[in-house]
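Visitor: Taken in order, the sequence shown gives residues 5 to 619; the numbers are from our numbering. One structure coming up, written as structure tokens, with questions to follow.
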Amino acid sequence: MEKMSKCKVCVTGGAGYIGSCLVKKLLEKGYTVHATLRNLGTSLFLISLRLALDLFRASLISNRVEFADDRSKVDFLMSFPGADTRLVLFEADIYDPKTFDPAIQGCEFFNNRTEASIAAAKSIAMSCVRSRSFNNRTEASIAAAKSIAMSCVRSRSVRRVIYTASVVSTSPLMEDGSGFKDFIDETCWTPLNLSYAYSNPNLTEYVISKTLTEEQILSYGTNSDIGGLEMITLPLGVVGGDTFQSYTPLSVALFISSLTNGEFTYQALRFLEELLGKLPIVHIDDVCEAHIFCMEQPSIRGRFLCANSYVSSSEIADYYRKNYPEHHVKQEYLNGPKREIKWGTTKLIEKGFVYKYDTKMILDDCIKCATKNDDRSKVDLLKSFNGADSRLMLFEADIYVPNTFDTAIQGCDFVFHVTTPLLHTQGYQFNNTTEATIATTKSIAMSCVRSGTVRRLIYIGTVVSASPLMEDGSGFKDSIDETCWTVPLNLSFAYSDSFLRIGGDILGRGPHGRGNSSTLHAFVLISQPTNNEDMYQKLRFLCASCYVSSAEIASYYQQYFPEFHVKQEYLDGPKREIKWGVTKLVEKGFEYKYDKKMILDDCIKCARRHGDLQQ
5 MEKMSKCKVC VTGGAGYIGS CLVKKLLEKG YTVHATLRNL GTSLFLISLR
55 LALDLFRASL ISNRVEFADD RSKVDFLMSF PGADTRLVLF EADIYDPKTF
105 DPAIQGCEFF NNRTEASIAA AKSIAMSCVR SRSFNNRTEA SIAAAKSIAM
155 SCVRSRSVRR VIYTASVVST SPLMEDGSGF KDFIDETCWT PLNLSYAYSN
205 PNLTEYVISK TLTEEQILSY GTNSDIGGLE MITLPLGVVG GDTFQSYTPL
255 SVALFISSLT NGEFTYQALR FLEELLGKLP IVHIDDVCEA HIFCMEQPSI
305 RGRFLCANSY VSSSEIADYY RKNYPEHHVK QEYLNGPKRE IKWGTTKLIE
355 KGFVYKYDTK MILDDCIKCA TKNDDRSKVD LLKSFNGADS RLMLFEADIY
405 VPNTFDTAIQ GCDFVFHVTT PLLHTQGYQF NNTTEATIAT TKSIAMSCVR
455 SGTVRRLIYI GTVVSASPLM EDGSGFKDSI DETCWTVPLN LSFAYSDSFL
505 RIGGDILGRG PHGRGNSSTL HAFVLISQPT NNEDMYQKLR FLCASCYVSS
555 AEIASYYQQY FPEFHVKQEY LDGPKREIKW GVTKLVEKGF EYKYDKKMIL
605 DDCIKCARRH GDLQQ
């Protein structure tokens, strides 16, 4: 071990959930680590709110939202004990594999974590932005794997490659799709000619990509052109457990989807279950120890499934129902399929590896992780603002316990009420988001009254409440202004299951304001309750600087950002002549500084900074 600890190890994707944990463990064991990130220089602080926004977008669009490899990740990795002397960071891009050469040089072991596992749910949710050199993810992934393997050969120092594969490549489905085999082990390979339940084109492409790439990597172990490298693949189960990162990993969101009622995350969980019969699961700590175990063996090669339990989605839901009664678990989550498929793999154990975490420990640690990471990164972000050290006070408050806002409100003249149950978790107190929102807003208003100091409450509403739809649903009014209310509420709206598209079909066109929120807001000044309709209009101020169609947005990006491909279907949206009749804020003296061009350009800047767009 002393000799081993002096060697250099390369870890790609070093700032992700698995990659960062592996880097930390390697440093703790005395290794020198070369870790790659896609971008070392961009500034962004990861906040856990982004998880919720990503999940919305994940169910709607095809470009993958990956947490950006940015300055905050650099700082995060460099904060590990030993990082100042034994961690070297390199910038490398999987779509330009030769950029990995400097990181690989001088290393004895190469841990390929780049775009590796469904455990993070990142690649199953959305496709990576296509490189111009490749037609699809599968082609890019295979080409990159080969190129990186050749980089290892050129280094003349690497003797073992450990590829973090995905369990989606190990389905026990029969080749004809008629059912499942009696067991799942390393001999299982996913049939690629089938349609999978709960799938979509992105999920299907992900399965194909991960399966063919793993097969290709294993073939290099017997290929004389690769120079006799020992090739190991570790197809991981769904990875759970706690993390020291500042956000809740998406794989953890899969585990707790029965508690959060997350539509996308639960669908992803069910997709895995229908593909794999049941759910192979594994703790993040065991995952990292398994990588190091394979690295420290005198000689090892081949395929090793890495999971310690094999459970159904209903078993996970039932465990949380019994052990976390404060959360309501819907009956539908308890009614999943019951299958008798044996977990038939013991290859890692036979080599001497010992799993430390059982099902209970994995599921409990997912709860700890999701609870702990709710606000930590947000605190750091807010505290980084200019003036925060002397003029910002933070208070802990829960929208579901409105009286907890009293302390924060006390002594204030003005209150901006922004928080709302965006992803409502059904519980015993409120049955749905509407009930929760109305009750908590009323309670916070009463807190303002009790304070004796607050003279104005400014509620950040949403423009979806201001639809110019006719009451019978037959069409749109000629204009939209503060007199418009989205009534009656029993109409069915086109795209109503789609968070991002509903606005355009309720509102005719899309009002745009510049801000950092995913929804379009209207400012509403609240006073004492009144039945006077005119009073409502006086207190209500729609906030948007322009009124455009989705086709106009797409056309603008096609014209001014030709490096991105805009599908024709996005350019063919409806053409409606509805006037933006809102001038109330302007009449009060407010001036908008940002026009449509500036808003759309800044959206591109934002997405690039966050790593959501690549040319």
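All residues carry an ideal CB built from backbone N, CA and C; glycine is no exception.
1) Have a look at Tyr361 and Gly241 and give me their C-alpha separation to the nearest angstrom.
2) According to DSSP, is Ile345 helix, strand or coil?
3) Excluding the 5 residues preceding and the 5 following Glu278 in the sequence, name in chain order all residues of the same chain whose CB lies nearer than 7 Å to its CB.
4) Excluding the 5 residues flanking Asp100 on each side, which residues of the same chain have their C-beta closer than 6 Å to its C-beta?
5) Expressed to the nearest angstrom, what Euclidean distance is found between the alpha-carbon atoms of Phe104 and Trp193?
6) Would Leu196 be called buried (16 or more neighbouring beta carbons within 10 Å of its own) or exposed?
7) With DSSP run on the structure shown, which of helix, strand or coil describes Asn460?
8) Given this structure, state the Cα-to-Cα distance separating Phe94 from Phe418, to the nearest angstrom.
9) Mapping DSSP to helix, strand and coil, what is Phe297?
10) Smallest Cα separation from Arg42: which of Cys11, Val78, Tyr21, Cys25?
11) Contact defined as beta carbons within less than 8 Å: I believe Glu234 pairs with Arg164. What is the distance between those atoms, to the nearest angstrom?
12) Counting only the same chain and skipping the five closest in sequence on each side, list residues whose C-beta sits under 6 Å from that of Tyr314.
13) DSSP state of Leu604, grouped into three classes?
14) Would you kindly report the start and end of the unbroken alpha helix (DSSP H) that includes Ala443?
15) Enumerated in chain order, which unbroken segments of the beta strand (DSSP E) with a length of 3 residues or greater are wholly contained in the stretch 359-427?
16) Taking the beta strand (DSSP E) that Asn115 falls in, what are its first and last residues?
17) Taking only three categories from DSSP, how would you classify Thr487?
18) Let me make sure I understand the geometry here. Which of Cys610, Cys547, Ser559, Arg613 has the alpha-carbon closest to that of Glu595?
19) Please work out which residues of its chain come closer than 6 Å, Cβ to Cβ, to Val92, disregarding the five sequence neighbours upstream and downstream, and give them in chain order.
20) Taking the DSSP output, what are the residues bridged to Thr226?
21) By the 10 Å Cβ neighbour count, where 16 or more other Cβ atoms means buried, how is Thr215 classified, buried or exposed?
22) Going by DSSP, name the residue or residues bridged to Ile166.
23) Taking DSSP's pairing of strands, which residues face Ala470 in a bridge?
24) Hey, Glu486 and Val586: beta-carbon distance below 8 Å or not?
25) Give the DSSP-derived three-state secondary structure of Glu354 in the structure shown.
26) Within the continuous beta strand (DSSP E) that includes Val333, where are the two ends?
27) Does the beta-carbon of Pro329 have 16 or more other beta-carbons within 10 angstroms, so that it is buried, or is it exposed?
28) Quick one, are the C-beta atoms of Leu1 and Cys310 less than 8 Å apart?
29) Enumerated in chain order, which unbroken segments of the alpha helix (DSSP H) with a length of 4 residues or greater are wholly contained in the stretch 237-287?
30) Beta strand (DSSP E) containing Lys150: first to last residue?
31) In the structure shown, what three-state DSSP assignment does Gly23 receive?
32) Give a yes or no on whether the C-beta atoms belonging to Ala611 and Leu617 are separated by under 8 Å.
33) Starting from Tyr560, trace the alpha helix (DSSP H) both ways and give me its first and last residue.
34) Is the number of C-beta pairs between the stretch 395-406 and the stretch 292-304 that are closer than 8 Å three or more?
35) Kindly list the residues whose CB is nearer than 8 Å to the CB of Lys372, restricted to its own chain and excluding five residues on each side of it in sequence; keep chain order.
36) Arg90 lies in the alpha helix (DSSP H); which residues open and close that run?
Guide: Put simply:
1) C-alpha separation (whole angstroms): 13 Å.
2) The answer is coil: DSSP assigns Ile345 none of H, G, I, E or B.
3) Answer for Glu278: Tyr200, Ala201, Tyr202, listed in chain order.
4) Nothing listed; no residue qualifies.
5) Using only the alpha carbons, I get a separation of about 29 Å.
6) Exposed: under 16 other Cβ atoms inside 10 Å.
7) It is Arg, not Asn, that sits at residue 460 in the sequence shown. Looking at Arg460 - three-state DSSP - the assignment turns out to be strand.
8) Phe94 and Phe418: Cα-Cα distance of roughly 48 Å.
9) Correct three-state label for Phe297: helix.
10) Measuring from the Cα of Arg42, the nearest candidate turns out to be Val78.
11) Right, the Cβ-Cβ distance comes to about 4 Å (below 8 Å), so this counts as a contact.
12) In the same chain as Tyr314, and ignoring 5 residues on each side of it, the C-beta atoms closer than 6 Å to its own belong to Lys282, Pro284, Trp347, in chain order.
13) In the structure shown, Leu604 adopts helical secondary structure according to DSSP, grouped into three states.
14) For Ala443, the enclosing alpha helix (DSSP H) begins and ends at 437-455.
15) Unbroken beta strand (DSSP E) stretches of 3 residues or longer found wholly inside the stretch 359-427: 418-421, given in chain order.
16) Note, Asn115: beta strand (DSSP E), 113-116.
17) The three-state reading of DSSP puts Thr487 in coil, since its state is none of H, G, I, E or B.
18) The option with the nearest alpha carbon to Glu595 is Cys547.
19) His38, listed in sequence order.
20) Paired residue(s): none; Thr226 is not in a bridge.
21) By the neighbour-count rule (16 or more Cβ atoms within 10 Å), Thr215 is buried.
22) Paired residue(s): Asn115, Ile236.
23) Paired residues: none, contrary to the question.
24) The answer is yes: Cβ separation under 8 Å.
25) Glu354 falls in the helix class under three-state DSSP.
26) Taken as a continuous stretch (DSSP letters only), Val333 belongs to no beta strand (DSSP E), as it is neither H nor E.
27) Pro329 comes out exposed.
28) Because residue 1 is not part of the residues shown, which for the chain are 5 to 619, the question remains open.
29) Along the length of the stretch 237-287, whole alpha helix (DSSP H) runs at least 4 residues long occupy 254-259, 261-264, 267-280, reported in chain order.
30) No beta strand (DSSP E) contains Lys150, which is instead part of the alpha helix (DSSP H) from 141-159.
31) Helix, per DSSP.
32) Yes, the pair counts as a contact, with Cβ atoms nearer than the cut-off.
33) Start and end: 554-564.
34) Fewer than three pairs of CB atoms, one per stretch, sit closer than 8 Å, so the stretch 395-406 makes no contact with the stretch 292-304.
35) Asp246, listed in sequence order.
36) Counting along the chain, the alpha helix (DSSP H) containing Arg90 begins and ends at 87-90.
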